[in-house]
Amino acid sequence: MTSAKSADSQNQNLDQILKDKMPALGIDLGGTKIGCAPVADFRVIGEPKKVPTPKGAENIINALVDLIEDVRKDHILRGVGIATAGIVDTETGEVIGSTGNLPGWAGTPIKKEIESRTGLPVHVDNDANAAAYGEVKALGLSDKTCVVAVTLGTGIGGGIIMKGNLYRGAHYAAGEIGHLRANLNNHRLCTCGLFDCWESYGSGRGFRATAKELLTNVTVDQTPLAALLPDPQVDKVCAAAQEGDIIAKRIVDTWHEHVCAGIVTLAHTLDPDCFIISGGMAKFVDYDFLKELVIDKCMPRVGERLDIHRSSLGDDAGIIGAAQIALDNLVSG
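To convert, note that position 280 of the sequence shown is 279 in numbering that gives the first Met the number 0; the numbers rise steadily by one, no gaps.
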């Protein structure tokens with residue numbers, strides 16, 4: 000006969016097994032939209048929900064709570080992970096460095112507000128850090144000494160993972176790699192207020208700035224791309240380059256050189272095992288060409304041993320990473 004103590008122990012073990020299988024809700028909070036989905040075992044469960052990002056901190060908090068409660072109608076959640084732009088104090092769950100994409104968001108006690116209104120444990124992190132964490136875990140790179148994830152989008156974000164753990168720095172600002180100095184000529188003003196940051200050249204915004212410069216004083220007789228001014232679209236320029244347009248190819252090659260410049264700086268600074276490239280601009284990267292450029296510009300011992308990986312999680316990296324950090328914190332905490 001099973002003793003009462005043994006039965007209680009078995010029930011506790013069963014409860015823990017069931018709890019370990021419960022998903023966390025991953026939320027990716029962007030300047031224009033909020034995406035969320037339950038996540039378990041590095042996989043999104045179902046189709047992510049997406050809503051427009053409202054204006055104002057109070058309205059954003061209300062939208063986050065509404066999303067959480069909506070998901071709870073169909074899923075029992077173990078916790079919530081929120082990935083947001085800006086510098087995040089991960090202990091308090093507050094954005095301490097503002098971002099132009101979310102005006103008035105800095106100073107909002109996100110963790111405190113969401114926990115008090117939902118009763119769920121909440122972890123808040125920088126969006127690029129969350130994406131980096133998700134990519135590293137999904138690709139099985141946690142044992143590597145150092146992995147740098149680069150998010151190429153409208154701007155450039157990044158995350159640094161050392162031995163499977165996020166490196167956040169002394170003031171939670173590590174990984175703001177988009178603001179490495181890429182030029183000393185005070186040529187392009189970045190959205191952060193500084194001149195010549197890497198993202199002013201290597202991001203989607205930087206691509207378009209380069210295209211405008213190289214298409215200035217060019218006629219439609221020389222290239223049909225001249226008709227795209229004043230706002231040349233990245234996809235159309237890249238398509239023209241594929242079709243053999245010489246000026247388009249020069250634009251694309253120049254952009255790759257700009258992306259390479261930041262990677263080389265990071266490679267010489269951190270000596271990482273590899274880079275992971277993700278974000279909306281990642282699909283325009285010629286990885287073989289980029290690797291050739293990096294090897295050419297790096298010290299031999301650094302460049303030749305460096306791997307450059309494509310994203311494995313795509314647009315879901317922020318959602319999956321945010322949820323996985325929340326789950327891992329619950330286990331370790």
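For every residue, glycine included, the Cβ atom is placed at its ideal position computed from N, Cα and C. Keep in mind the model is a prediction, meaning the values are calculated, not measured.
Going by Cα to Cα distance, which pick from the options is closest to residue i?
i, options, result
"Thr-153", "Ile-324, Gly-177, Lys-72", "Gly-177"
"Leu-329", "Gly-92, Val-121, Gly-192, Leu-292", "Val-121"
"Ala-316", "Leu-138, Arg-71, Leu-63, Ala-105", "Leu-138"
"Lys-32", "Gly-203, Glu-57, Glu-46, Ala-62", "Ala-62"
"Leu-228", "Gly-243, Ser-141, Thr-209", "Thr-209"
"Ile-86", "Gly-78, Ile-75, Thr-98", "Thr-98"
"Gly-278", "Ala-148, Val-38, Glu-68", "Ala-148"
"Val-38", "Arg-71, Gly-29, Asp-65", "Arg-71"
"Arg-187", "Phe-206, Ala-173, Gly-174", "Phe-206"
"Thr-253", "Asp-88, Glu-46, Asp-285", "Asp-285"
"Ser-115", "Arg-204, Leu-165, Val-64", "Val-64"
"Arg-42", "Lys-20, Ala-239, Ile-59", "Lys-20"
Is residue i buried or exposed, if buried means 16 or more other CB atoms sit within 10 Å of its CB?
i, result
"Ala-36", "buried"
"Lys-169", "Note on residue identity: the sequence assigns Ala, not Lys, to residue 169. Exposed, because fewer than 16 other Cβ atoms sit within 10 Å of the Cβ of Ala-169."
"Pro-299", "exposed"
"His-267", "exposed"
"Gln-241", "exposed"
"Gln-323", "buried"
"Thr-83", "buried"
"Pro-53", "exposed"
"Leu-326", "buried"
"Gly-158", "buried"
"Lys-136", "buried"
"Asp-124", "buried"
"Gly-320", "buried"
"His-339", "Outside the displayed span of the chain (0 to 332) sits residue 339, for which this structure offers no information."
"Ile-75", "exposed"
"Ala-226", "exposed"
"Pro-102", "exposed"
"Asp-287", "exposed"
Tell me where the alpha helix (DSSP H) around residue i begins and ends.
i, result
"Asp-220", "Segment: none, Asp-220 is in no alpha helix (DSSP H) and carries neither H nor E."
"Arg-300", "299-302"
"Glu-112", "109-117"
"Gln-232", "Premise fails: Gln-232 is in no alpha helix (DSSP H) and is neither H nor E."
Hey, could you find the ends of the beta strand (DSSP E) residue i is sitting in?
i, result
"Trp-25", "Note on identity: in this sequence residue 25 is Gly, with Trp being the wrong assignment. Residues 23-28."
"Asp-327", "First-last for Asp-327: 316-331, but that is the alpha helix (DSSP H), not the beta strand (DSSP E)."
"Asp-124", "121-125"
Could one say the Cβ of residue i lies closer than 7 Å to chain C's Cβ atoms, at least one of them?
i, result
"Val-149", "As a matter of chain content, chain C is missing from the structure shown, which is built from one protein chain."
Going along the chain, which unbroken runs of the alpha helix (DSSP H) with 4 or more residues stay wholly within the stretch 30-105? 56-71
Can you list, in chain order, the stretches of the beta strand (DSSP E) that have 3 or more residues and sit fully within the stretch 141-202? 146-151, 155-161
Hey, which unbroken runs of the beta strand (DSSP E) at 3 residues or more fall wholly within the stretch 251-305? 273-277
Flag this pair as touching only if the stretch 125-141 and the stretch 240-249 have three or more C-beta atom pairs under 8 Å; answer yes or no. no
Tell me, please, whether the stretch 185-196 touches the stretch 210-225 by the rule of three or more beta-carbon pairs shorter than 8 Å. no
Cβ contact check for the stretch 290-298 and the stretch 255-263: 3 or more pairs under 8 Å: yes
For the structure I just gave you, are there three or more beta carbon pairs, one from the stretch 74-83 and one from the stretch 23-30, closer than 8 Å? yes
Segment contact, 8 Å Cβ cut-off, at least three pairs: the stretch 219-238 with the stretch 178-190: no
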